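Numbering (full-length UniProt numbering), first residue to last: 1 to 559.
In structure tokens:
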């Protein structure tokens, strides 16, 4: 079990004990709160109602005495009459208040009976309810007798009023005793409830105290056990750490637990093993370093000769890279000019394509207009045909009119001198019919000429429409071809730009090569200087290796 688990278990157990104590406390306080609340809201309310009932009962008795004295002495006396009426009114008001207090008390008692938790409470409240009913009946009887006395006084039957009044006065003490007994009964019950609440409070305090003591003892015991386990394991780990600090790596590590201390001991065991391996390897490495320094000194001389040749070759590469960079810059300028020309060509082609688009739109509108004109000419031809039909009808009407005028002339001749006027009318009608026939022939000729002209116009408009449609198609083909040209020019432009960028990259690369070669040349010179310093460092390294061997000999390692 880990230390974290132990501590967590201790905390969980402590929390459990405290939780149990808190639950017990809450239950006890809830019961205590319920009982106190019952005492404050119900028992005290009931006592207040009974006291109010008692006060009004005493005032009622006092007002009865005042009214009774004023009535039996001399009710005809104006002062006594006023006192009698005033006292009687106060008596009735007190009677109403007593009645209200009785009803309120009965409501509280019924509530207590409905919520009673045990037979004893139910029996006690039932006894109070019975006592309250007895008091209510006695109070009703007392009110009835008092009202009868008041009626007899108003009727001037003083003797009867005195007789009944003495009995009413005698019943006042009994009514008062019932009221006092009822109050004492409720107060006694409330005191019993207070004793029960106090007992619950004491029980709750006892349980909480016992729970607190048990939790403290348990927590201290568990804490001592956990602390002892941790300190024992830590003591062993500290002893091992002191031996390692003194250079003793031969000690044995015993892991006695699986908690965090056990993990620490396991880590110390691994560390000691690794230190043993490390010290052994360092000892071997010191010997190897000493031999290596001798070999590195020999290699230094060969490296100095190689660096001299490398510096000469680097200078030649630097010159060549400068020439490549100059050539690349010239090619970049040329490609930039070509790119600008291709962009200008693409722009001009785009403008031409836009103009062709507008021309195509205009040609399409013209074709639509010619189609509309042709349809209108067709309508005119149809209307002219209709006019020709109307002219034919007029011609027939003129012929019939001419026949009618001829028949009328014949009939006028038959009538002799009586038909002379009718003959003149017939001639005029025949003359108008002839003129109508001539006019209709002229109209018919004009309509035929118009039909011929319209037919010719329709044919010409159809021919023109076909030519316009063909032109629209040609314009569309030209626009498509120009679009292909624009697309090809635009596709060439990125390639020019790509070539230009590549040439720029090549120029920059050549420049970088030149700079790198210069840096390489400088680095070679620095390397030459460094070789001299390396010789000094190797000598120091040899001295350090020997010193390291001396220091490592202090440690005791396992074989």
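By construction, the Cβ of each residue, glycine as well, lies at the ideal position given by its N, Cα and C atoms.
Everything numeric in this text was worked out from a predicted model, so none of it was measured.
Can you tell me which of the three DSSP states residue i falls into?
| i | result |
| --- | --- |
| residue 93 | helix |
| residue 248 | strand |
| residue 120 | helix |
| residue 448 | helix |
| residue 254 | coil |
| residue 5 | helix |
| residue 157 | coil |
| residue 327 | helix |
| residue 77 | coil |
| residue 553 | coil |
| residue 115 | coil |
| residue 544 | helix |
To the nearest angstrom, how far is it from the Cα of residue i to the Cα of residue j?
| i | j | result |
| --- | --- | --- |
| residue 39 | residue 184 | With a pLDDT of only 47 at residue 39, under 50, the local geometry of the prediction cannot be trusted, and no value is derived from it. |
| residue 355 | residue 341 | 21 Å |
| residue 212 | residue 15 | 12 Å |
| residue 547 | residue 521 | 38 Å |
| residue 17 | residue 215 | 6 Å |
| residue 152 | residue 77 | 16 Å |
| residue 219 | residue 19 | 14 Å |
| residue 221 | residue 229 | 12 Å |
| residue 343 | residue 360 | 25 Å |
| residue 369 | residue 386 | 26 Å |
| residue 536 | residue 246 | 35 Å |
| residue 415 | residue 458 | 59 Å |
| residue 617 | residue 111 | With the chain represented from 1 up to 559, any question about residue 617 goes unanswered, as that position is not in the structure. |
| residue 292 | residue 273 | 28 Å |
| residue 122 | residue 115 | 9 Å |
| residue 399 | residue 371 | 42 Å |
| residue 501 | residue 464 | 55 Å |
| residue 411 | residue 439 | 28 Å |
| residue 584 | residue 238 | Nothing about residue 584 can be reported from this structure: the residues present for the chain run from 1 to 559 only. |
| residue 517 | residue 333 | 26 Å |
| residue 120 | residue 113 | 11 Å |
| residue 498 | residue 505 | 10 Å |
| residue 380 | residue 449 | 13 Å |
| residue 117 | residue 124 | 12 Å |
| residue 136 | residue 96 | 13 Å |
| residue 437 | residue 378 | 28 Å |
| residue 435 | residue 390 | 17 Å |
| residue 244 | residue 541 | 28 Å |
| residue 534 | residue 545 | 16 Å |
| residue 337 | residue 494 | 13 Å |
| residue 453 | residue 477 | 36 Å |
| residue 339 | residue 347 | 12 Å |
| residue 52 | residue 208 | 42 Å |
| residue 315 | residue 322 | 11 Å |
| residue 366 | residue 401 | 52 Å |
| residue 472 | residue 326 | 54 Å |
| residue 474 | residue 357 | 12 Å |
| residue 45 | residue 182 | 14 Å |
| residue 329 | residue 512 | 14 Å |
| residue 172 | residue 142 | 8 Å |
| residue 302 | residue 532 | 13 Å |
Is residue i near the ligand GTP, with its Cβ less than 7 Å from a heavy atom?
| i | result |
| --- | --- |
| residue 53 | You won't find the ligand GTP in this model; it holds no ligand whatsoever. |
Inset, instruction - Evaluate contact between the region 121-136 and the region 170-183, counting only Cβ atoms and requiring at least three cross-stretch pairs below 8 Å. - result: yes
Inset, instruction - State whether the region 80-91 contacts the region 60-67, with contact taken as three or more CB pairs (one from each stretch) at a distance under 8 Å. - result: yes
Inset, instruction - Give a yes or no on contact between the region 430-448 and the region 389-397, applying the rule of three or more CB pairs nearer than 8 Å. - result: Yes: at least three Cβ pairs fall under 8 Å.
Legend entry - Cβ contact (3+ pairs, closer than 8 Å) linking the region 421-434 and the region 402-411: yes
Legend entry - Whole runs of the alpha helix (DSSP H) within the region 135-191, excluding any shorter than 4 residues: Within the region 135-191, complete alpha helix (DSSP H) segments of at least 4 residues are not found at all.
Legend entry - Segment contact flag, the region 160-169 with the region 98-106, C-beta cutoff 8 Å, min 3 pairs: no
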